[in-house]
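Working notes, structure below.
This is how it looks when you write it as C-alpha cells:
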C-alpha cells in the first residue's frame, strides 16, 4: 500500500477578482488530498483543512501598483520576444545550410524568406543554381 499526502492552496483575492470586476473579499482555502493505492486501485479523498491566513493580502493593490506590475510584465514579454527573435536569426544560417546540404534548396529559400532575411534567401537561390 502506498499513501500520498498532498496539500493545495487555492487563493482568490483582489488581484484576480479585481480583473473580473467584482469586489468580493479575498479568500484562501487549503485542501488536503490523501491518495492510497490498494491492489492497483487508487483512491483519493480531499477535505478542506481550513483557511491559511498567510495566503491573504492585507490590502488591495493600488491602481498605480497594478500599473507598475503590468508595465513590468509587458517589459519582460518584450525582452523575451526580442531574445527569441535574436536566437532565431542567429540559428537561421545553420538551418538554411542544413537544408541546402540535404538538397532541399526550395525549402531553404522559403525558410530564409519567412524569417525576413532576403539577402540569405537570394544567396541560397544563387548557390542552388550553380552547377554541381
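In our numbering, the protein residues as written are 361 to 492. Each residue gets a CB set at the ideal place from its N, CA and C atoms; glycine is no exception.
query: Can you check whether the CB of residue 397 is closer than 7 angstroms to the CB of residue 404?
result: no
task: For residue 453, name the three-state secondary structure that DSSP assigns.
output: Helix.
One or two residues paired with residue 403 in a DSSP bridge: Paired residues: 396.
query: When the distance is taken between beta carbons, is residue 449 closer than 7 angstroms to residue 471?
result: No. Outside cutoff.
- prompt: Using a beta-carbon distance below 7 angstroms, is residue 426 in contact with chain B?
  reply: The structure shown contains no chain B, having only a single protein chain.
- prompt: Can you tell me whether residue 461 is buried or exposed, with buried defined as 16 or more other CB within 10 angstroms of its CB?
  reply: exposed
field: residue 479 - containing alpha helix (DSSP H), residue span
entry: 478-489
query: Span of the alpha helix (DSSP H) holding residue 474?
result: 465-474
query: Does the Cβ of residue 517 have 16 or more other Cβ atoms within 10 Å, making it buried, or fewer, making it exposed?
result: Outside the modelled stretch of the chain, which goes from 361 to 492, sits residue 517, for which no answer is possible.
- prompt: By DSSP, does residue 422 sit in helix, in strand, or in coil?
  reply: coil
- request: Spatial neighbours of residue 361 within its chain, please: CB distance less than 8 angstroms, with the 5 preceding and 5 following residues excluded, ordered by chain position.
  value: Low local confidence applies: a pLDDT of 47 at residue 361 is under 50, so the model's placement there is unreliable, with the coordinate-based value given in what follows. The residues are 396, 397, 398.
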